[in-house]
Every structure is written in structure tokens, then in C-alpha cells.
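Student:
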Amino acid sequence: MAKPFLLLTLLCASLTFITTCVALHLELTHVDAKEGCTVGERLRRATERTRRRRLASSSMAGGVTAPVHWAGTSSPQYIAEYLIGEPPQQAEAIIDTGSNLIWTQCSTCRLVTSCFPQNFPLYDPSQSSTARAVACSEAACALGSETQPCNNTSSSNNNTPCVVLTSYGAGEIAGVLGTETFTFGSSNEVSQLAFGCISATKLTPGSLNNASGIIGLGRGNLSLVSQLGATNFSYCLTPYLSDATVNTSHLFVGSPAGPIGEAPVTSVPFIESPSDDPFNTFYFLPLTGISVGQVKLDVPAAAFDLRQVAPGQWAGTLIDSGSPFTILVDVAYQALRSELERQLGASVIVPLPNDADVESELCVASGDTSLVPPLVLHFGGGGDAVVPPENYWAPVDTDTACMVVYSSGGPNTTLPSNETTVIGNYMQQNTHLLYDLANGVLSFQAADCSSM
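Mind the numbering: the sequence shown is residues -23 to -1, 1 to 429 in mature numbering (1 follows the signal peptide of the UniProt record, and there is no 0), read in order.
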């Protein structure tokens, strides 16, 4: 089967390395579908990624000098292919709204000792006529916390490379900043972007599932969205327990798809992100409450509020394309679990030992999943988003289905993760999400993502 392509149409000219006014359509494949995993394997892997995401704050609390991003390598999910350089070299990347940097492993890596295996050959800048190194004295080196500008601007530093150093929940990467031409698809049109040419990684094995790197979609200056000057982007994720090798997911940057069909659209305002890194990267939402069917949970709205929980540390509610399952602040999780137990009654069963990898505390027999009520997420401004049962329950085997929403608390979690709610991509399946950055609004619409 042919691999999906990325379709790019550039509408405006390029300025320095930043391209403005673009329309970009990327077809995405879920990492587990690319590897032919069974449904059970996909669930176990998604649970492990969620566990790494939940524990990522221990890295943040450790005083590392590089910014730690919670998504990305801690829980990769959706992969896009692209071409880099001239002549073009093949690469593929995890798409991540929880980080900014665009990066790929380079030929300076030593795969055995300092980098991870990947599907395509390492990108070699020496073989590209369009590759250019960025010096630490250049303005591009000061665009984000992922890079380290010169300590001073003396002439001796003018040609010193701009160092890239950043951390994720699963480890750290290091390299240099460069600019290069990126071709997103079969079109001859290209875009010049700043990116990390990575020569050393210290990541949890398997973190990127053999992708070459990451394409960040966060709020920072070095993200794909910011570099392309886009004022909006949207995506629609097909269910990854389905045949996602056939039913690809979609990402639109700069010219998002309009409403799909007649389903109602819910719009909610983003909350302005704090200035502290890495929290200025994330897309925070004004979640105020949750209902289970017709019953609203008795959880104070303040539990979901964006708030400072320690110097330079923030907690709140964010939406993340890189986190698999949704994580609720513990007071909300306990209320959700209790209300579902009450409504499901005698249908609740104890998970079998072989289901332990899923870590769910609430299960029913597969034949009783029709009894599971939808959730309703209530947002400030009056917007409600309905979550169907299939977006927060999953079949763990042929006989059992379990809730795949987890608590942010636990013996090994620390601030700010243990006070943070994350709306993961499993809960976003078959939903068209439009990030209107110009107006600061996120819109939800139920959709058949495979039909886009």
C-alpha cells in the first residue's frame, strides 16, 4: 500500500526562513497502525504512553536547564511524512500540539550510542544544497527557549552554531539549529523553515516509534504554525482502534477544512497561556465541569482552572494531540468513577488479571457497553462538548470494555502534573477541531474523519 502524502500549497512568498500565508494539508497515520499492532497491543501501548505523560512532571521538577515539554516524545501518536533538502531526503515526524520545535535526527548521530533507530536514512545536510547552519548571534537563535543564543555578540561568536537543547517527558535531545527546505507532499512547492538538526538523544527506547523526529504545533515561535504565519489550523483524527492504515487522519494548517455535514459546532475561548516556559506552549481551555449523562459531577470549577501551583509552575486544563488517553485532576476522576459505578450498577465487573496493562478501575462486559452514558464537557462561555462512550471506553479483550480515563494523581506524580487535566487524542477521535488562533477560539464538531 502506498504511504500517505502531505499536500502543500504555498500561497505567499517566503521572508528569511519564515513563510507566510500558507495552506497545508497533511495526511497522518497512527504509529501503531503503521506497525500492524492488534487492538490489544494498541491499547497497552497507549496506556504506557499515558503513564509516561502522567509522570513527566518529575523531569520538570528536577531543575533541568532545558525546557521540558509534556507531550512529544513522552507519548507519540500520529506520524506525517515529508521531504527535506535539495535533492530531497525522506523523513517522517510525530505531530505534536504540546511542543514547538521542528526537528529530525541528522547524519552526525551515532545510532548505536547517541541516537535511536528510524525508518528512513538519517538526514545528511552535507548532501543538500539548501541546508544552512544558524549562528548563535542570529535572531533565529533567540526565537525560543529550545535554543541557546551566544552569551555576547562579540565577533568571535558570530560563527558559533546555535545550540538546540530541549527535554520531553521521555528524555532530552541536543543538536544545532539550521534552516532547510521542506516539501510537504508531491508538489514541487517548498517551504524554508528553521529546524533542529539533532546529533544526540537520550530518550526512552521506542519513544518515537522509529519516526525521524517531531513537528511541533505549539504556541511558540519555532513551531510549524508560527513559522508558516498561520492564524489557524485544524485536525480530524480517525479512531485508532479501526483500520487507520486505510482511514488516515488529517491536519490542515493555514486553510482549515470548514464544518463537516450538519453536526453542531461548539466554540470555546482559549485561556491566555502564562509566560513561563514551557506552559506558554500549551493550549489551555476554560473547562468548568463534567456531566455523566444528565448528572453533573459535584466538582468545583476551580479544580480545572489555570493557576500557579508553585513558582514558575502552572496547572489547568489543556488539549493535547500527543497524549493518548484523557487525564483528569484526581477530584474529578474520583467523582467520575463513582457516578459511573452508580449508573452502571450491577454491570460493573472486575478486570481480569490479563487486562492489568490497561490499568482501568472500571469495566463492563462487552455486551453492556450500550449502557455507558456519554460525557459532557462544560466550558466557560456556555459551550458544551459531548463525548460519546467510544471516545472514553475501549475494548480490552473480546469480552471486556473498560474506561480509559485516568487520574492525574498517584504516588510518583508531582506538581504540576498531579493538578493538571489533559484532554487526550482518544477523546478527540472523529471530532473536527479548529484552532482559530487569530480569534483565540477552539471549535469542536463531531465528524467522520475518514471521509475528509
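Ideal placement from N, C-alpha and C gives every residue a C-beta, glycine not left out. Quantities reported herein were computed from a predicted structural model and do not represent experimental measurements.
Hey, LEU205 and GLY231 are a contact pair by Cβ (cut 8 Å); roughly how many whole angstroms apart?
Tutor: Yes, LEU205 and GLY231 are in contact; Cβ-Cβ is about 6 Å, under 8 Å.
Student: In whole angstroms, what separates the C-alpha of THR391 from that of SER300?
Tutor: Distance between the alpha carbons of THR391 and SER300: 18 Å.
Student: Where does PRO288 land, buried or exposed, given buried means 16+ other C-beta within 10 angstroms?
Tutor: Burial call: exposed.
Student: So who's on the other strand from GLY155, going by DSSP bridges?
Tutor: Its beta-bridge partners are ALA110 and PHE172.
Student: Nearest by alpha-carbon distance to ASN198: which of PHE161, ASN187, ILE248 and ASN257 is it?
Tutor: ASN198 has its Cα closest to that of ASN257, out of PHE161, ASN187, ILE248 and ASN257.
Student: Can you grab the Cα-Cα spacing for the pair GLN290 / ILE79, in whole Å?
Tutor: Those two C-alpha atoms are separated by around 25 Å.
Student: Looking only at its chain, what residues have a beta carbon closer than 7 Å to the beta carbon of ALA278, apart from the 5 residues adjacent to it on each side?
Tutor: Correct list, in chain order: THR265 and GLY266.
Student: Within 10 angstroms of its Cβ, does THR375 collect 16 or more other Cβ (buried), or is it exposed?
Tutor: Classification of THR375: exposed, given that the 10 Å Cβ count is below 16.
Student: Is SER428 helix, strand or coil when you go by DSSP?
Tutor: The answer is helix: DSSP assigns SER428 an H, G or I state.
Student: By the three-class DSSP mapping on this structure, what secondary structure does PRO138 have?
Tutor: Correct three-state label for PRO138: strand.
Student: In chain order, what residues of the same chain lie with their CB nearer than 8 Å to the CB of SER428, ignoring the 5 residues before and after it?
Tutor: Cβ neighbours of SER428 beyond the five flanking positions: ILE237.
Student: Looking only at DSSP bridge pairs, what is VAL341 linked to?
Tutor: VAL325 and ALA378.
Student: Give me, in chain order, the residues of the same chain whose beta-carbon lies closer than 7 Å to that of THR208; leave out the 5 immediate sequence neighbours on both sides.
Tutor: If we look at THR208 and ignore the five residues flanking it on each side, its Cβ neighbours are LEU414 and ALA415.
Student: Taking 8 Å as the limit between beta carbons, can you name the residues of its chain near CYS83, skipping five residues before and five after?
Tutor: Once the five neighbours on either side are set aside, the close Cβ partners of CYS83 are LEU99, TYR100, ASP101, PRO102, GLY152, CYS174, ILE175 and SER176.
Student: Closest to VAL245 by CA distance: which of TYR260, ILE326, ASP253 and GLU239 is it?
Tutor: Cα-wise, what sits closest to VAL245 is TYR260.
Student: Output needed for PRO251: all residues of its chain with C-beta closer than 8 Å, excluding positions within five of it in sequence on either side, in chain order.
Tutor: Counting only Cβ-Cβ distances below 8 Å, and skipping sequence neighbours, we find ASN257, LEU283, GLN285 and TRP291.
Student: Kindly indicate which residue of CYS213, ALA171 and GLY322 has the alpha-carbon position closest to the one of GLN406.
Tutor: Taking only the C-alpha atoms, the option nearest GLN406 is CYS213.
Student: Helix, strand or coil for ASN209 per DSSP?
Tutor: Note: ASN209 maps to strand in three-state DSSP.
Student: Taking only three categories from DSSP, how would you classify SER189?
Tutor: If DSSP states are grouped into helix, strand and coil, SER189 belongs with coil.
Student: Let me know if GLY359 comes out buried or exposed under the rule of 16 or more other beta-carbons within 10 Å of its beta-carbon.
Tutor: Answer is exposed; the Cβ neighbour count stays below 16.
Student: Find the nearest neighbour of THR81 within the set THR90, VAL89 and GLU58, judged by alpha-carbon distance.
Tutor: Looking at the Cα atoms, GLU58 is the closest of the given residues.
Student: So LEU305 and THR398 are in contact, right, with Cβ under 8 Å, and what is the actual spacing, rounded?
Tutor: Indeed they touch by this definition, with Cβ atoms about 5 Å apart.
Student: Within its chain, find whatever has a CB closer than 6 Å to the CB of HIS409; leave out the 5 residues flanking it on each side and keep chain order.
Tutor: Result list for HIS409: CYS213, ILE237, GLN422 and ALA424, in chain order.
Student: Which runs of the beta strand (DSSP E) fall wholly inside the stretch 259 to 329 and span at least 3 residues, in chain order?
Tutor: Segments of the beta strand (DSSP E) lying fully in the stretch 259 to 329: 264 to 269, 284 to 287, 290 to 292, 294 to 296 and 303 to 305.
Student: Nearest to ALA68 by CA position, among PRO216, GLY190 and SER200, is which residue?
Tutor: The residue with the shortest Cα to Cα distance from ALA68 is GLY190.
Student: In whole angstroms, what separates the C-alpha of LEU(-16) from that of GLN66?
Tutor: Low per-residue confidence applies at LEU(-16): pLDDT is 36, beneath 50, and the placement is therefore not dependable, though the value from the model is reported in the following sentence. Cα-Cα distance, rounded: 17 Å.
Student: Please work out which residues of its chain come closer than 6 Å, Cβ to Cβ, to CYS92, disregarding the five sequence neighbours upstream and downstream, and give them in chain order.
Tutor: Same-chain partners within the cutoff: GLN82, CYS86 and THR178.
Student: Is the beta carbon of ASN128 within less than 7 Å of some heavy atom of the ligand FAD?
Tutor: The ligand FAD is not among the ligands present in this structure, which contains no ligands whatsoever.
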